[in-house]
Amino acid sequence: MKKTAKDQVGHFLENYQKSQSKVGFTTQEISDEMGLSRSVTSLYLNQLLQEKRVEKQAGKPVLWRAITEPVLPLEDGLSAQDDIFEHFIGASGSQKEAVEKCKSAVLYPPKGLNILITGNSGVGKSYFASLIHEFARQQQVIASNAPYYVLNCADYANNPELLSSALFGHVEGAFTGANHRKIGLLKEADGGYLFLDEVHRLSSENQEKLFTFMDTGKFRPLGENVEDTRSDVHFIFATTEDPKKVLLETFNRRVPVTVHLSNFEERPFYERLQLVEFLFLEEAHRIQRNLKIEPEVLNILCFHVFPGNIGKLRNNIQVSCAKAFKRTSQSDTLKIGLQELEIGRITRHIPSDKSLNKPIFLDFKKKYQVENANASFVVQTELHRLWQQIVDEYIKYKKIDFSRYVARLQDIDYRYFVRNNEALYGKKNQKILEEIQVEEIRKIIGERFGLPNSQQISAILGHFLRLNDLEDRLLLNVRQILFKEKSRSYHIATYFEKSLSGKMTKNLDSYICILAILLTEVVDESIELHGLILAHGKATATSIQEVVNQLCGNYVFDAIDMPIETTVQEISEEAIKLIKETDTSKGFILLVDMGSLNQLYTTINKYLDGDLLVINNLTTAIGLDIGLKMMSHASFKEISQSATDYEISARYYEGFAQSQNILISCMSGLGISERIQEIINRYLGQDITSLTLDYATLKELIAENDEHYFKETQFIITTTNLPKEFTIPLLNIYDIWDKEGAKRFYQLIKRWVNQEAYEKMMQELLHFFSLEGVGERLQFLNPTVVLEQVETILAKYENHYHLDLDGKVKLNLYMHIALLVERLILDREEADAIGDFGESSEEQEFLTISRKFFHQIESMYQVKVNQYEMSLLYELFKAVS
4 MKKTAKDQVG HFLENYQKSQ SKVGFTTQEI SDEMGLSRSV TSLYLNQLLQ
54 EKRVEKQAGK PVLWRAITEP VLPLEDGLSA QDDIFEHFIG ASGSQKEAVE
104 KCKSAVLYPP KGLNILITGN SGVGKSYFAS LIHEFARQQQ VIASNAPYYV
154 LNCADYANNP ELLSSALFGH VEGAFTGANH RKIGLLKEAD GGYLFLDEVH
204 RLSSENQEKL FTFMDTGKFR PLGENVEDTR SDVHFIFATT EDPKKVLLET
254 FNRRVPVTVH LSNFEERPFY ERLQLVEFLF LEEAHRIQRN LKIEPEVLNI
304 LCFHVFPGNI GKLRNNIQVS CAKAFKRTSQ SDTLKIGLQE LEIGRITRHI
354 PSDKSLNKPI FLDFKKKYQV ENANASFVVQ TELHRLWQQI VDEYIKYKKI
404 DFSRYVARLQ DIDYRYFVRN NEALYGKKNQ KILEEIQVEE IRKIIGERFG
454 LPNSQQISAI LGHFLRLNDL EDRLLLNVRQ ILFKEKSRSY HIATYFEKSL
504 SGKMTKNLDS YICILAILLT EVVDESIELH GLILAHGKAT ATSIQEVVNQ
554 LCGNYVFDAI DMPIETTVQE ISEEAIKLIK ETDTSKGFIL LVDMGSLNQL
604 YTTINKYLDG DLLVINNLTT AIGLDIGLKM MSHASFKEIS QSATDYEISA
654 RYYEGFAQSQ NILISCMSGL GISERIQEII NRYLGQDITS LTLDYATLKE
704 LIAENDEHYF KETQFIITTT NLPKEFTIPL LNIYDIWDKE GAKRFYQLIK
754 RWVNQEAYEK MMQELLHFFS LEGVGERLQF LNPTVVLEQV ETILAKYENH
804 YHLDLDGKVK LNLYMHIALL VERLILDREE ADAIGDFGES SEEQEFLTIS
854 RKFFHQIESM YQVKVNQYEM SLLYELFKAV S
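As structure tokens, then:
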């Protein structure tokens with residue numbers, strides 16, 4: 004097919020820019036190269052612009068460039084060339100000036116300008132602010148995963164101190180009730196946007212603190228008197244008031260861009276009609292019905308003055324749809340007539356030249372769902388931020404407070420699903436929820452595992468399931484963290500994964516993580532033992548499991564049903580899969596219903612990390628008795644000893660571990676051993692685990708010389724030496740602090756831990772042993788706090804002098820510096836230096852850099868490290884350098 008002249012211009016520009024290293028071409032350059040007149044070339048270029056085949060770069064002269072491929076992929080099918088504001092009704096009409104000013108503010112180098120949005124309630128200020136954030140993300144002004152936080156200052160209008168805490172955070176003890184340190188929104192929004200709605204409700208003091216932050220990028224949390232916190236935040240403010248009357252002039256000067264959104268009745272007629280149609284289309288999509296809106300209804304809605312603007316308009320439309328739904332819920336098309344409206348007195352004349360005389364038909368399958376698409380994007384963005392914070396918290400603290408993430412998920416659910424008036428169409432929504440297996444989820448949670456709040460948890464998960472795939476690169480990390488930290492909750496969530504994996508095409512990782520996090524609030528993770536019920540029949544085992552778990556009120560047993568034709572081999576394979584997903588180091592209890600199944604233990608025993616108890620001739624009463632004992636934290640030995648009371652066949656299969664392990668047994672007690680185990684397990688691969696054993700038991704086993712008991716033990720970590728005839732490799736934990744001991748430790752463990760992980764593990768172990776030693780000797784200071792400060796100081800010395808201090812030296816220095824600080828607090832008198840310390844250039848350099856290194860700790864404790872203490876430190880470092 005022959006190309007039109009317009010197509011030839013587009014094709015030429017695409018090829019021309021490939022051969023040139025220019026950002027764009029003028030109309031004259033293109034016309035000269037093609038031999039066309041400038042006016043004709045300009046006409047074709049503007050036609051191509053409307054078709055989004057070229058882009059125009061503002062300036063003098065205007066530059067043109069062909070669009071060859073998206074610069075940045077976006078959610079919901081948008082490309083970087085698509086205008087985020089395109090579907091914001093009025094963006095090219097009455098609100099065009101506001102849109103263009105905001106675009107300019109976002110793009111203004113180097114970091115954009117702060118924006119204030121004014122307008123009455125309900126004009127769409129919050130939605131407009133979210134579009135500004137999306138535009139900044141699309142234009143790569145901020146990172147693709149940059150945070151976006153919203154705070155309505157009116158919620159704290161009567162408590163400026165609480166508002167200040169929400170913005171700036173606070174330290175522990177900053178005010179009554181401040182029991183923990185809190186990170187404020189200024190830090191949470193670092194690198195992204197913070198939207199402060201109803202900003203006129205900020206007190207003068209908070210306005211002053213905020214504009215100081217806008218000037219410097221620094222702030223101090225409430226109660227912090229020493230150290231500034233830095234953050235890079237883009238601000239969007241909104242108010243229903245005149246900013247000149249309600250905001251400080253000094254605050255106003257720091258917000259150079261102010262835009263105003265018009266009231267609904269001030270919009271042009273065609274925009275009002277678009278808004279009405281769009282809001283009806285939202286409801287059509289929600290209730291899955293086509294709508295026929297009578298012209299009288301459209302006229303009234305377009306010309307009525309709504310005190311709450313678009314918000315009130317939406318309420319009226321939702322009520323009208325609800326009434327129509329109630330009246331004709333079985334119809335494919337709902338008719339919206341005057342009887343459905345509850346407007347009251349008409350407050351505006353309907354001009355005859357603009358009134359409508361035909362109804363509008365809306366197909367609920369129509370995809371023009373701008374705000375829904377935006378909500379989906381915002382939810383995905385919020386979830387990504389949540390996943391990132393979980394990973395960051397685990398990396399930093401090696402533990403997670405999941406309660407705050409449960410609250411975050413509940414908040415997202417409320418803001419984006421519940422608050423969207425979904426309860427209005429409960430019957431229809433229930434049908435939708437059933438279609439996506441939410442009832443099955445509820446049964447898994449509430450019936451099979453006997454957990455409370457199953458209805459609420461399944462409903463929240465059902466809301467998230469209504470969105471498209473929520474894939475995220477961080478989900479594998481989050482799943483691994485959940486498996487390690489909340490294994491029982493995670494295990495239940497995998498049942499949901501198995502039940503839906505064949506019924507849904509979605510990637511289920513995000514939904515598994517959401518469910519597992521929600522379950523952490525109701526699952527008792529402190530139950531150490533694991534139990535499995537095996538029984539012949541299609542539902543015998545699961546029926547007993549449901550009864551026992553529900554009566555116990557929590558998850559104590561798993562179950563596997565075995566149809567009569569199932570072989571022992573097949574059921575063994577199912578049991579092994581389950582065992583691999585659970586921590587069996589504290590013991591595993593197997594309840595079976597026939598003697599023939601007793602042979603299972605020989606198959607599964609090698610996959611267990613702890614002892615196995617098999618109880619034959621299963622009954623519900625026995626399962627409940629054992630379940631209650633597990634709930635009350637009875638030990639494995641106590642349960643196994645009491646099994647003889649059942650007057651049935653019970654067998655206790657003792658064995659330390661059937662998979663490769665590192666055994667830890669310290670004379671100081673299981674507490675020390677378990678703490679070492681906790682640190683080491685964080686860095687071991689999946690092929691091995693570390694286990695603890697009481698030292699007295701270890702000595703008994705060694706005396707019996709039962710090497711079979713330790714057949715999978717690779718080496719033993721203790722705090723003393725063992726008999727030389729004992730053949731399993733032994734490592735004294737205190738030996739690893741010198742270089743030879745550390746080298747031997749690495750040789751023993753390197754099969755399962757790489758060099759980088761090994762160094763991190765050693766640092767954690769060093770911190771733990773330092774904490775133990777320092778804690779015993781400090782009388783006044785908090786050892787945890789002071790040790791972190793000492794670690795920072797030592798790292799600076801190592802970096803400055805290029806030192807690689809071994810563990811023993813570090814332990815000595817930790818102890819010396821921590822006690823040094825406490826001495827100075829308790830005895831503030833100056834002491835003399837050793838000899839003429841400070842006269843040589845080396846000593847003078849040491850004094851200078853030490854003053855810098857100790858500055859923070861001196862400021863915090865209001866002390867000064869005197870020259871005498873400096874001279875002692877110098878001697879210590881001189882001895883090891």
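Those letters in the sequence shown? Residues 4 to 884, per the numbering used here, in order. Even for Gly, the Cβ is constructed at its ideal location relative to N, Cα and C.
| query | result |
| --- | --- |
| Boundaries of the alpha helix (DSSP H) in which Gly314 is found, first to last residue | Asn312 to Arg330 |
| Collapsed DSSP secondary structure at Phe771 in the structure displayed | helix |
| Span of the beta strand (DSSP E) around Ser34 | Counting along the chain, Ser34 falls outside any beta strand (DSSP E), though it belongs to the alpha helix (DSSP H) covering Thr30 to Met37. |
| Under the three-state DSSP convention, the category Leu77 falls into | In this predicted model, Leu77 has a pLDDT of only 30, less than 50, meaning its place in the structure is not dependable; the value taken from the coordinates is given anyway. Three-state DSSP puts Leu77 in coil, outside helix and strand. |
| Straight-line Cα distance separating Glu801 from Ser874 | 18 Å |
| Residues near Phe367 in its chain [Cβ-Cβ closer than 7 Å; skip 5 each side] | Ala287, His288, Gln291, Arg292 and Asn293 |
| Among Leu611, Glu227, Pro732 and Lys329, the one whose alpha carbon lies nearest that of Ser862 | Glu227 |
| Close Cβ partners of Phe198 (< 6 Å) along its chain, the five nearest in sequence each way excluded | Ala132, Val153 and Ile239 |
| Whole beta strand (DSSP E) elements within the stretch 92-141, 3-residue minimum | 118-121 |
| Distance CB(Gly314)-CB(Gly125) smaller than 7 Å | yes |
| Met670: first and last residue of the uninterrupted beta strand (DSSP E) it sits in | That residue, Met670, is in no beta strand (DSSP E); it is neither H nor E in DSSP. |
| Bridge-paired residues (DSSP) for Gly2 | Limits of the chain in this structure are 4 at one end and 884 at the other, which puts residue 2 out of reach. |
| Contact between the stretch 515-535 and the stretch 478-495 (3+ Cβ pairs under 8 Å) | yes |
| Bridge partner(s) assigned by DSSP for Thr2 | No information on residue 2 is available, as it lies outside the stretch 4 to 884 that the chain covers here. |
| Test item: CB-CB of Ser676 and Ser668 under 7 Å | yes |
| Stretch-stretch touch, CB-based, cutoff 8 Å, three pairs: the stretch 538-546 with the stretch 562-570 | yes |
| Environment of Glu36 [buried if 16+ CB atoms lie within 10 Å] | exposed |
| Limits of the alpha helix (DSSP H) - the one that Ser885 falls within | Coverage of the chain is limited to positions 4 through 884, which leaves residue 885 absent and any answer about it impossible. |
| Cut-off 7 Å between Cβ atoms - residues of its own chain near Phe771, not counting five sequence neighbours on either side | Arg678 and Ile682 |
| Touching by the beta-carbon criterion (3+ pairs, under 8 Å), the stretch 261-268 and the stretch 111-127 | yes |
| Terminal residues of the beta strand (DSSP E) in which Phe560 lies | Phe560 to Met565 |
| Any non-hydrogen atom of the ligand COA closer than 6 Å to Ile675 Cβ | In the structure on display, the ligand COA does not appear, and there are no ligands present to speak of. |
| Bridge-paired residues (DSSP) for Val57 | Ala69 |
| Whether Ile296 touches Ile363 by CB criterion (7 Å) | yes |
| Met764 burial status per 10 Å Cβ neighbour count (16 or more: buried) | buried |
| Among Met634, Leu594, Thr622 and Glu584, nearest to Tyr610 - alpha-carbon criterion | Glu584 |
| Simplified DSSP assignment, three categories, for Thr700 | helix |
| Separation of Arg407 from Asn608, as counted between CA atoms | 39 Å |
| Length of the line joining the Cα atoms of Val525 and Asn456 | 8 Å |
| Own chain, CB closer than 6 Å to Gln553, minus 5 neighbours either side, in chain order | Gly453 |
| Segment limits, beta strand (DSSP E) that includes His856 | It should be pointed out that residue 856 corresponds to Phe in this sequence rather than to His. Taken as a continuous stretch (DSSP letters only), Phe856 belongs to no beta strand (DSSP E), being part of the alpha helix (DSSP H) at Ser844 to Phe856. |
| Whole-angstrom distance between Val102 and Leu51, CA atom to CA atom | 23 Å |
| Val174 (DSSP reduced to helix, strand or coil) | coil |
| Touch test, the stretch 386-405 against the stretch 318-332, Cβ-Cβ under 8 Å, three pairs minimum | no |
| CB contact flag (Asn785, Thr716, <7 Å) | no |
| Rounded C-alpha distance that separates Ala836 from Val812 | Its pLDDT being 47, under 50, Ala836 is placed unreliably by the model, and the measurement read from it follows with that caveat. Approximately 23 Å, taken between the alpha carbons. |
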